[in-house]
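**Student:** Quick one: the structure is below, questions incoming.
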Amino acid sequence: MKLLYTPPSPFFRKVMAMAIETGLDARIELVEVHPFEREQALAAENPLGRVPTLVTDDGLTLFESDVVCAYLDTLHDGSPMIPMEPERRWPVLRVQAIADGILDASVQRRYESLRPAALQWSDWSDRQKRKVMRGLDALENDAASREGPLDLGKIAVGCVLGYLDFRFPDDRWRDGRPELAAWFATFDERPSMRKTRPA
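In this note's numbering, the protein residues as written are 692 to 890.
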């Protein structure tokens, strides 16, 4: 398999953390691309020009981290990262959706900050930050999502919290969220998280 990626992408990190946790990382060839500098190379595999993009051994191209993770979940013999039982499946996917929403809003903020200062729209950035904070509050209040065996929801939350530390340390996301902060302090020491930390 071939995985097209950009190193600081939190969505790539989610895919790789899951691959490491399931023992699939050795089967993945990493191909670094930059959506702005090598757009054509990426667009040749993914018409949306986004990372991560996975090209399977059969030549099928899959994109969006949730789809790539769902595919990888079919390739290992361990416990599913996306449980099949409805009573576990939907809570895990819900948590992953919250985490992905926080990441989407955070990446929007990041891109807005890269625009020339005269073109930046502060109201837009503030709106994205409010989404992030509401999502974090939802995670803080969802103690059940931090319990039980490892799943894709937990991996997604770990990656989003790491991204906030990396890109937005001044937001101090831990303030007022002691349970989430305590959980992350332990989760962030997993080998899969240490190996995928953005530089």
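Quick reminder that beta carbons are idealized off the backbone N, C-alpha and C, glycines included.
Between the segment 866-876 and the segment 802-813, are three or more C-beta pairs nearer than 8 Å?
**Tutor:** Short answer: they don't touch.
**Student:** In its own chain, which residues sit with a C-beta less than 7 Å from the C-beta of residue 759, not counting the 5 before and 5 after it?
**Tutor:** 706, 743, 745, 753, listed in sequence order.
**Student:** I'd like the list of long-range same chain contacts for residue 712, defined as Cβ closer than 6 Å, with 5 residues on each side in sequence excluded.
**Tutor:** For residue 712, where only same-chain residues beyond five positions count, the Cβ hits under 6 Å are 883.
**Student:** Classify residue 735 as buried or exposed, calling it buried when 16 or more other Cβ atoms lie within 10 Å of its own Cβ.
**Tutor:** When all chains shown are included, residue 735 counts as exposed.
**Student:** Please report the distance separating the alpha-carbon of residue 767 from that of residue 843.
**Tutor:** Distance between the alpha carbons of residue 767 and residue 843 is about 14 Å.
**Student:** So who's on the other strand from residue 854, going by DSSP bridges?
**Tutor:** Residue 854 is not bridged to any residue.
**Student:** From the DSSP secondary-structure annotation, give me the bridge partner or partners of residue 754.
**Tutor:** Note: residue 754 sits in a beta bridge opposite 744.
**Student:** How should residue 886 be labelled, buried or exposed, when 16 other C-beta atoms within 10 angstroms of its C-beta is the threshold for buried?
**Tutor:** Its Cβ having fewer than 16 others within 10 Å, residue 886 is exposed.
**Student:** Just the C-alpha distance for residue 870 and residue 756, rounded to the nearest angstrom, thanks.
**Tutor:** So the two alpha carbons sit approximately 26 Å from each other.
**Student:** Is residue 740 near residue 733, with beta carbons less than 8 Å apart?
**Tutor:** Yes, the pair counts as a contact, with Cβ atoms nearer than the cut-off.
**Student:** Expressed to the nearest angstrom, what Euclidean distance is found between the alpha-carbon atoms of residue 715 and residue 889?
**Tutor:** One C-alpha to the other measures close to 20 Å.
**Student:** Inspect the CB distances between the segment 850-867 and the segment 832-842 and report whether three or more fall short of 8 Å.
**Tutor:** Touching, no.
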